[in-house]
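Each remark here refers to the structure printed beneath this line.
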Amino acid sequence: MSYWHALLLAIVEGLTEFLPVSSTGHMIIVANLLGIGQFAFTDTFITSIQFGAILAVVVLYWRRFLQSFDFYLKLAAAFIPFGILGFVLKDYIEELLKSVTVVAASLVVGGIVLLFIDRWFSGARKEVTTPSFPQAIKIGLFQCLALVPGVSRSAATIVGGLSQGFDRRSAADFSFLLAVPTMFVITAYQLYKTYKVAAPGAEDIKLLLFGNVVAFIVALLAVKSFVDFVSRYGFRAFGLYRIVVGIVILVMIALGIPLQII
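Convert by adding 1 to the 1-based position in the sequence shown; the result is the number in our numbering.
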């Protein structure tokens with residue numbers, strides 16, 4: 002992997018981590034387009050630079066992390082279903098991550114859901130700072146859908162929040178906050194796996210640091226813009242985007258067109 006590859010992947014991560022379009026799905030597609038999707042370090046890089054993006058949430062929402070201990074218990078309650086199911090299915094999920102077809106199909110299905118989500122939850126919405134324990138657990142169950150590559154953790158948890166009566170901004174805010182423990186555990190596990198097989202070299206570490214810094218900066222800019230946009234316009238534009246990207250990739254695969262462009 003070159004620094005050019007690292008830069009492109011980190012920009013994609015920063016832009017898409019908190020959008021309902023699947024950051025992992027986009028990075029898998031981009032990695033294949035760049036011709037580096039088959040390398041083991043690419044998987045480590047894709048997972049690890051998500052840490053830079055979640056640091057952006059810590060910086061932007063730092064006051065929320067100074068709430069009562071009860072707030073952390075609710076974050077834990079929301080994370081537990083994802084953590085348990087992810088651990089049980091980890092081998093199967095790792096195989097799915099290698100399939101661009103699965104990612105593309107998930108993009109299309111998730112896009113169709115987003116086209117209608119505003120209509121489904123068009124009733125009275127309320128601003129919620131901290132969910133109740135039952136609400137947190139239910140949102141956590143929605144997050145489990147994101148174990149399928151291409152589904153989008155952000156989309157799943159935002160839909161979960163909307164299903165609990167949250168308004169769009171509150172659903173997005175809690176989705177971002179829940180990303181912190183979720184992505185921290187995923188990143189730590191991936192790094193543990195990498196070190197267990199073989200410690201990354203000095204150049205690999207430089208690439209990881211570089212990617213995290215870029216993802217952090219881009220995510221800082223993307224988070225606020227997304228919240229403002231979705232609060233005003235809803236999710237339809239993201240649904241259309243997902244469907245178009247997914248269909249294009251599926252057509253390329255069906256026609257035998259190589260995804261690699263570089």
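Virtual Cβ for every residue (Gly too), placed ideally from N, Cα, C.
query: Opening and closing residue of the alpha helix (DSSP H) in which S107 lies; result: 101 to 121
query: Cβ-based burial, F88 [other Cβ within 10 Å; buried from 16]; result: exposed
query: Cβ-Cβ distance between A11 and A216 below 8 Å; result: yes
query: Unbroken alpha helix (DSSP H) run spanning K225, endpoints; result: 203 to 234
query: Closest Cα partner of V186 within the set T48, N33, H27; result: T48
query: Pairwise C-alpha distance: V249 and F72; result: 42 Å
query: Cβ pair T300, P150 closer than 8 Å; result: Given that the chain is displayed from residue 2 to residue 263, the structure contains no residue 300 and the question cannot be resolved.
query: Expected contact under 8 Å - CB spacing of V152 and G112 to nearest Å; result: With 8 Å as the limit, V152 and G112 do not qualify as a contact, their Cβ atoms being about 11 Å apart.
query: Contact check, L163 vs P21, beta carbons under 8 Å; result: no
query: Bridge partners - F167, DSSP secondary structure assignment; result: K127
query: F167 versus V181, Q51, K139, Y196, residue with shortest Cα-Cα distance; result: K139
query: Residues near L222 by beta carbon distance below 8 Å, same chain, minus five either side; result: G15
query: Opening and closing residue of the alpha helix (DSSP H) in which V245 lies; result: 237 to 255
query: Residues near A1 by beta carbon distance below 7 Å, same chain, minus five either side; result: Examination of residue 1 is not possible in this model, given that the chain is present from 2 through 263 alone.
query: Same chain, Cβ closer than 7 Å to L86, five either side skipped, listed in chain order; result: C145, L148
query: Residue of R169, T102, I118, L178 minimising C-alpha distance to A137; result: L178
query: Pick from P135, S123, V228, L35 that is closest to V58, judged by C-alpha positions; result: V228
query: R154 (DSSP reduced to helix, strand or coil); result: helix
query: Contacts around W5, its chain only, beta-carbon distance under 7 Å, and the 5 residues preceding and following it disregarded; result: none
query: Candidates A77, F122, I244, of which the one nearest G141 by Cα; result: A77
query: DSSP three-state assignment for Y196, whether helix, strand or coil; result: helix
query: Reference F19, options I254, V245, S176, closest by Cα; result: S176
query: Secondary structure of S69, DSSP reduced to three states; result: coil
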